[in-house]
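Residue numbers (our numbering): -11 to 97. Below: the structure, in structure tokens.
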């Protein structure tokens, strides 16, 4: 069982919505519990974010038994006027990387 995520104070560069979208892009069949652990969010927060993304057409899901399979709309344009014209695919190209690259090239501190 995954524990409660560590809290974080202060600002970050990436929003929780973008983190959840990137986690789903990495694994469209991920459970909410796994997305929450990866993004260091609560399961309730992830459920709310997924609902937001579905309501605005960035994401949809199909249910197969007890499993959800998510589908991202890559051509959907980002909402904020400062990102006018940028697609979800462009955002995800910056956020999603192969796990082997993450392990091989750790961020230096």
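Ideal Cβ placement from N, Cα and C applies to all residues, glycine included. All of these numbers come straight from a predicted model, not from anything done at the bench.
Local conformation of residue i per DSSP, three classes
i: residue -3; result: coil
i: residue 14; result: helix
i: residue 87; result: Because residue 87 carries a pLDDT of 49, less than 50, the predicted location of this residue cannot be relied on, and the following value inherits that uncertainty. Reduced to three states, the DSSP call for residue 87 is helix.
i: residue 41; result: helix
i: residue 29; result: coil
i: residue 19; result: coil
Nearest-angstrom Cα separation, counted from residue j out to residue i
i: residue 26; j: residue 9; result: 12 angstroms
i: residue 55; j: residue 18; result: 9 angstroms
i: residue 21; j: residue 70; result: 32 angstroms
i: residue 16; j: residue 58; result: 5 angstroms
i: residue 73; j: residue 66; result: 7 angstroms
i: residue 29; j: residue 48; result: 21 angstroms
i: residue 37; j: residue 5; result: 6 angstroms
i: residue -11; j: residue 40; result: Low confidence applies here, because residue -11 scores a pLDDT of 45, under 50, leaving its location unreliable; read the following figure in that light. Cα-Cα distance, rounded: 26 angstroms.
i: residue 51; j: residue 78; result: 27 angstroms
i: residue 64; j: residue 82; result: 16 angstroms
Continuous alpha helix (DSSP H) stretch holding residue i: start and end
i: residue 82; result: 76 to 83
Beta-bridge pairing of residue i - partner residues as DSSP gives them
i: residue 3; result: DSSP output for residue 3 lists no bridge partner at all.
i: residue 34; result: Answer is none; residue 34 lacks a bridge partner.
- Message: Report the start-end ranges of each beta strand (DSSP E) in the region 45 to 72 that is 3 residues or longer and not cut off at the edges.
- Response: Within the region 45 to 72, the complete beta strand (DSSP E) runs of at least 3 residues are 47 to 52, 55 to 60.
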